[in-house]
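**Q** Residue numbers (the working numbering): 250 to 558. Okay, here's the structure, questions in a sec.
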Amino acid sequence: MKVTVVGAGAVGATCADNIARKELCTELVLLDIKEGIAEGKAQDMMQTATLLGFDTKITGSTNDYTKTAGSDVVVITSGLPRKPGMTREELIGVNAGIVKGVCENILKHSPDAIIIVISNPMDTMTYLALQSTGLPKHRIIGMGGTLDSSRFKYQLSQHLGCSPSDLNAVVVGGHGDTTMIPLIRLATWNSTPVTNFLSAEQQEKIVKDTMVGGATLTALIGTSAWYAPGAAGAALVEAIVRDEKKLFTCCVALDGEYGQKDICLGVPVTIGRNGWEKILDFQLNESEQAAFNKSADAVRSMNDVLKTL
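So, in structure tokens, the structure goes:
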């Protein structure tokens with residue numbers, strides 16, 4: 250099994266580190282456009298192998314896509330990160346060209362690869378990857394909802410005083426501060442609705458804090474977060490290579506599901522060896538569906554920007 254991570258910045262390197270530690274593949278390629286960055290980080294990670302006990306071979310490459318040949322899964326993290334005060338939408342112009350070029354180069358050498366998109370604005374970059382490659386829709390996966398759902402569980406755990414691992418909670422819709430929809434009505438603490446334990450004020454705060462989770466970290470750190478995004482990307486790789494049929498919220502192409510078409514948006518899907526394999530219908534209520542439709546409208550507006558580039 251071979252996996253490539255494109256972009257050796259903080260998110261890409263963290264994703265690669267998680268993949269190597271879990272031995273999700275025999276060969277891992279880290280690629281970046283900046284001279285020496287991927288090679289240096291790959292060598293640094295390989296020097297942890299004896300300390301951490303993994304045998305994955307990690308290779309770094311400066312823009313040499315021939316080294317990615319035969320990849321089963323490719324994670325795209327390349328592009329400019331957010332700075333404080335910057336929205337994900339403001340990244341469209343620059344990152345669209347980067348993501349499109351990466352997809353073209355990857356598929357020259359790995360035509361059967363499953364592609365995971367992390368680059369922002371993630372919903373639009375996922376849609377661009379689908380449209381520009383012409384790949385079967387099940388082989389293009391946007392990571393956003395996986396990360397947002399993890400952040401949702403964190404916020405819930407802080408108020409409940411419990412382990413995040415005991416929580417089931419998902420975020421659907423767009424991967425944006427105003428477009429994501431934390432489904433607190435459906436969130437459970439070991440099968441019991443979390444709303445049984447939280448006041449209306451707590452529920453409102455949890456939802457709001459989840460929605461601005463990325464912006465909060467960007468303001469604190471000075472750039473986009475990387476530990477959780479990298480781990481989220483690696484979790485999807487794990488579900489694919491181990492054929493786990495695991496349920497995640499991912500940005501995928503919709504064809505009538507949740508009332509939407511010709512768009513990539515976050516919905517609950519099972520992830521396995523073939524990519525995303527099935528969309529689950531969570532039976533949104535009227536207000537949740539209205540929020541989902543509003544989220545879709547906002548993402549479509551971003552997608553329209555692609556036509557002007």
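Using N, Cα and C, we set each Cβ at its ideal position, and we do this for glycine too. Just so we're clear, the structure is a prediction, and the values are computed from it rather than from any experiment.
What did DSSP end up calling Gly479 once you bin it into helix, strand or coil?
**A** Correct three-state label for Gly479: helix.
**Q** Comparing C-alpha positions only, which one of Ala540, Ile433, Cys352 and Pro333 sits nearest to Thr317?
**A** Minimum Cα distance to Thr317 is reached at Cys352.
**Q** From the DSSP output, in three-state form, read off Ile367 for me.
**A** In this structure, Ile367 counts as coil in the three-state DSSP scheme.
**Q** Considering only residues of the same chain and omitting the five flanking positions on each side of Asp415, which have a CB-CB separation below 7 Å?
**A** Trp438 and Asn439.
**Q** Would Thr326 pass as a contact of Val254 if the rule is Cβ separation under 9 Å?
**A** Yes, these two residues count as a Cβ contact at 9 Å.
**Q** Give the DSSP-derived three-state secondary structure of Lys494 in the structure shown.
**A** Three-state DSSP puts Lys494 in coil, outside helix and strand.
**Q** Between the C-alpha atoms of Arg270 and Phe497, what's the straight-line distance to the nearest angstrom?
**A** Whole-angstrom Cα-Cα distance: 21 Å.
**Q** In whole angstroms, give me the CA-to-CA distance for Ile347 and Glu535.
**A** Looking at the two C-alpha atoms, the distance is approximately 38 Å.
**Q** Is the CB-CB distance between Leu405 and Leu533 below 9 Å?
**A** No. Outside cutoff.
**Q** Give the DSSP-derived three-state secondary structure of Val278 in the structure shown.
**A** Looking at Val278 - three-state DSSP - the assignment turns out to be strand.
**Q** What did DSSP end up calling Pro413 once you bin it into helix, strand or coil?
**A** Residue state, collapsed to three classes: helix.
**Q** Considering only the alpha carbon of each residue, which of Glu272, Tyr376, Leu277 and Val322 lies closest to Val554?
**A** Of the candidates Glu272, Tyr376, Leu277 and Val322, the one whose C-alpha sits nearest the C-alpha of Val554 is Tyr376.
**Q** Does His358 have its Cβ less than 9 Å from a Cβ in chain D?
**A** The chain labelled as chain D is not found in the depicted structure, where only one protein chain is given.
**Q** Where DSSP assigns a beta bridge to Cys499, which residues make up the other side?
**A** In the DSSP output, where bridge partners are listed per residue, Cys499 has Val516.
**Q** Of the choices Gly482, Ala547 and Cys411, whose alpha-carbon is the least far from that of Ile363?
**A** The candidate whose alpha carbon is nearest that of Ile363 is Gly482.
**Q** Using DSSP's beta-bridge definition, name the partner residues of Pro431.
**A** DSSP lists Val420 as partners of Pro431.
**Q** Under 9 Å between the Cβ atoms of Ala418 and Val443?
**A** Yes, these two residues count as a Cβ contact at 9 Å.
**Q** At what residues does the beta strand (DSSP E) containing Gly350 begin and finish?
**A** Premise fails: Gly350 lies in the alpha helix (DSSP H), Ile341 to His358, not in any beta strand (DSSP E).
**Q** So Val324 and Cys264 are supposed to be a Cβ contact under 8 Å. How far apart are they, rounded?
**A** The Cβ separation is near 6 Å, so the contact holds.
**Q** Would DSSP call Val554 helix, strand or coil?
**A** Helix, per DSSP.
**Q** Run through the segment 258 to 328 for me and flag every whole alpha helix (DSSP H) of 4 or more residues, listed as ranges in chain order.
**A** If we require 4 residues or more, the alpha helix (DSSP H) runs fully inside the segment 258 to 328 come out as 259 to 270, 286 to 295 and 298 to 301.
**Q** By the three-class DSSP mapping on this structure, what secondary structure does Thr253 have?
**A** In the structure shown, Thr253 sits in a strand (DSSP, three-state: E or B).
**Q** Note down, in chain order, each residue of its chain lying with its Cβ closer than 7 Å to the Cβ of Leu329, except the 5 sequence neighbours on either side.
**A** Around Leu329: Leu340, Val343 and Asn344.
**Q** Pull up the DSSP beta-bridge partners for Pro442, would you.
**A** According to DSSP, which records beta bridges pairwise, Pro442 is partnered with Thr437.
**Q** Following the continuous beta strand (DSSP E) through Gly463, name the residue where it begins and the one where it ends.
**A** Run containing Gly463: none in the beta strand (DSSP E); it sits in the alpha helix (DSSP H), Gly462 to Ile470.
**Q** With a threshold of 7 Å on Cβ separation, who are the neighbours of Met295 within its own chain once the five nearest residues in sequence on each side are excluded?
**A** Cβ within range, chain order: Ile307.
**Q** Strictly by DSSP, which residues pair up with Gly391?
**A** For Gly391, which the question treats as bridged, DSSP gives the partners Val366 and Cys500.
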